[in-house]
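In the numbering used here, the protein residues as written are 335 to 624.
Here is the structure we will look at, set down as structure tokens.
Here it is as structure tokens:
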């Protein structure tokens, strides 16, 4: 059955001005040339050292860009963009009081990743990361109830469980100035265009991509009882294989060394099983052989 939930941990920001396109194109890991009123992208802003800072969705509407980002990170995102703005003709604002974000899943979607259409005064888009994630929407606050009528009313926790089952990281799994995007599978989720040219952190990210040396990735882990707290070490015998990230009951995400996935794993002496969804398994297997 189709499920729908508002995502109160997400917020919409608006970026406009005559220089907005070139400004964002020079900073972001994905290609803004792909963005239109009918196409959204998933993208990153990195540190110059190629580490994760922010991830978000971008779509065009009425001559400006709407950004769907983590609510807790939004002030720092706008602050960082303001730092880069200098004298460019760019406007930056949060419109979190005026717009809401939500997700629709367990539904059949048609069209390519990121394909968007008008929806209750806002936008409905195929999730650019992975088809199985379903769809996302950004609508005016007054249209929130109408948007939620698209399926069975669900909770953000339900959506997070769905996302975790697909090994797709959320904000709690990504640490600013620490996480390497390719270890978080963000390259495989369409956040990086390696052909577009310059972006912040491009040199390190492109070198890692060329060498194919990704020894750790975020994977799904499960246990017979509730998983321990985030950042609990995951052990392969006496050796550490990685650490737990976010969880939802007996299922969670962990950043693990790929060459230790076949070993018996424990977290705080609880047996855990690591699994790779189909979209991740081929890439992970290839990386672990490097």
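Note that beta-carbon positions come from the ideal geometry of N, C-alpha and C, so glycine has one too.
On the three-state DSSP scale, how would you describe residue i?
| i | result |
| --- | --- |
| residue 292 | Since the first residue of the chain shown is 335 and the last is 624, residue 292 is not available in this structure. |
| residue 506 | helix |
| residue 442 | coil |
| residue 479 | helix |
| residue 356 | helix |
| residue 623 | Residue placement at residue 623 is flagged as unreliable, the pLDDT there being 44, under the threshold of 50; the coordinate-derived value follows with that caveat. Coil, per DSSP. |
| residue 342 | coil |
| residue 593 | helix |
| residue 431 | coil |
| residue 465 | helix |
| residue 612 | helix |
| residue 536 | helix |
| residue 366 | helix |
| residue 351 | coil |
| residue 604 | strand |
| residue 436 | strand |
| residue 470 | strand |
| residue 573 | strand |
What first and last residue would you give for the alpha helix (DSSP H) that runs through residue i?
| i | result |
| --- | --- |
| residue 498 | 490–499 |
Determine the closest residue to residue i out of the options, with distance taken between C-alpha atoms.
| i | options | result |
| --- | --- | --- |
| residue 454 | 482, 445, 442 and 460 | 482 |
| residue 595 | 471, 604, 550 and 559 | 550 |
| residue 546 | 436, 519, 563 and 566 | 519 |
| residue 565 | 559, 391 and 578 | 578 |
| residue 403 | 450, 435 and 361 | 435 |
| residue 503 | 581, 412 and 456 | 581 |
| residue 457 | 505, 373 and 415 | 373 |
| residue 611 | 593, 552 and 353 | 552 |
| residue 409 | 422, 345, 533 and 399 | 345 |
| residue 526 | 371, 478, 422 and 363 | 363 |
| residue 562 | 605, 513 and 465 | 605 |
| residue 371 | 460, 541, 478 and 484 | 460 |
Compare the beta carbon distance of residue i and residue j with 8 Å and say whether it is the shorter of the two.
| i | j | result |
| --- | --- | --- |
| residue 555 | residue 607 | yes |
| residue 499 | residue 395 | no |
| residue 384 | residue 539 | yes |
| residue 366 | residue 359 | yes |
| residue 473 | residue 433 | yes |
| residue 438 | residue 471 | yes |
| residue 448 | residue 462 | yes |
| residue 348 | residue 476 | no |
| residue 533 | residue 361 | yes |
With respect to the beta strand (DSSP E) encompassing residue i, which residues constitute its N-terminal and C-terminal limits?
| i | result |
| --- | --- |
| residue 414 | Counting along the chain, residue 414 falls outside any beta strand (DSSP E), though it belongs to the alpha helix (DSSP H) covering 408–419. |
| residue 424 | First-last for residue 424: undefined, no H or E at that position. |
| residue 567 | 567–570 |
| residue 550 | 550–556 |
| residue 398 | 398–404 |
| residue 559 | Per DSSP, residue 559 belongs to no beta strand (DSSP E) and is neither H nor E. |
| residue 389 | 386–395 |
Relative to the ligand GTP, is the shortest distance from any of its heavy atoms to the C-beta of residue i smaller than 7 Å?
| i | result |
| --- | --- |
| residue 359 | Absence of the ligand GTP from the depicted structure is noted, as is the absence of any ligand whatsoever, leaving it without description. |
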